[in-house]
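In the working numbering, the protein residues as written are 409 to 584.
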């Protein structure tokens, strides 16, 4: 299990479902790694901005000047490498967990070469296992289904309106 010492989240603040099993804890730890990666990118961006010439700083940037700039850069870079190290450790411990779990290689096989994932989510499985036939995602299938339902409803309303008009026309003809 990866120890989450880089995060300020206490064990009591975590949803109990994430503590229910070793695998759940590993999934939670990988979620924290994802958050750390976004923080890492943010630190890289702020470190790069501290390396720019002070003359190019805009007033809205809020960057320090002079010696403070160097100190801030050192702090940002130190935190960057601490995060990078924590990410490295978490990923290695997750890989160790996968190895220890002895997950069958077939469960984590990559898709066949040339497979293009659907644009909007998980694809609908095809009956013969051909990935190319069911290339649309579940969301796309739902949108198409809803569109066909809307078309059917519109046509039904048109038919009912036409029948209603014909009934009224025949009633008016009978009254005359």
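Note that the Cβ used here is the ideal one computed from N, Cα and C, for glycine as well.
Separation of residue j from residue i, as counted between CA atoms
i	j	result
residue 578	residue 570	12 Å
residue 415	residue 475	With a pLDDT of 45 at residue 415, under the threshold of 50, the predicted position of this residue should be treated as unreliable, though the coordinate-derived value follows. When rounded, the distance between both Cα atoms is 30 Å.
residue 583	residue 550	49 Å
residue 575	residue 565	15 Å
residue 484	residue 455	6 Å
residue 479	residue 453	16 Å
residue 503	residue 491	18 Å
residue 411	residue 520	Unreliable positioning characterises residue 411 in this predicted model, as indicated by a pLDDT of 42, which lies under 50. The coordinate reading is nonetheless provided below. The alpha-carbon atoms of residue 411 and residue 520 are separated by roughly 35 Å.
residue 554	residue 547	11 Å
residue 436	residue 508	18 Å
residue 568	residue 421	58 Å
residue 431	residue 487	29 Å
residue 428	residue 434	11 Å
residue 409	residue 481	Confidence is the limiting factor: at residue 409 the pLDDT is only 38, short of 50, which leaves the residue's position unreliable, though a coordinate-based value still follows. Taking the straight line from one Cα to the other gives about 33 Å.
residue 558	residue 518	38 Å
residue 413	residue 506	Reliability of the predicted coordinates at residue 413 is poor, the pLDDT of 45 falling under 50, and the value obtained from them is presented with this limitation in mind. Going from the Cα of residue 413 to the Cα of residue 506 covers about 21 Å.
residue 522	residue 439	29 Å
residue 552	residue 489	48 Å
residue 457	residue 556	52 Å
Local Cβ density within 10 Å of residue i, reported as buried at 16 or more and exposed below that
i	result
residue 441	buried
residue 425	exposed
residue 573	exposed
residue 381	Residue 381 cannot be examined here, being either before or after the span of the chain that is shown, 409 to 584.
residue 563	exposed
residue 560	exposed
residue 581	exposed
residue 459	exposed
Endpoints, alpha helix (DSSP H) assigned at residue i
i	result
residue 489	475 to 509
residue 556	546 to 583
residue 439	430 to 459
Worksheet item: If we count Cβ pairs, one from each stretch, closer than 8 Å, do we get three or more for the segment 445 to 456 versus the segment 496 to 506?
Response: no
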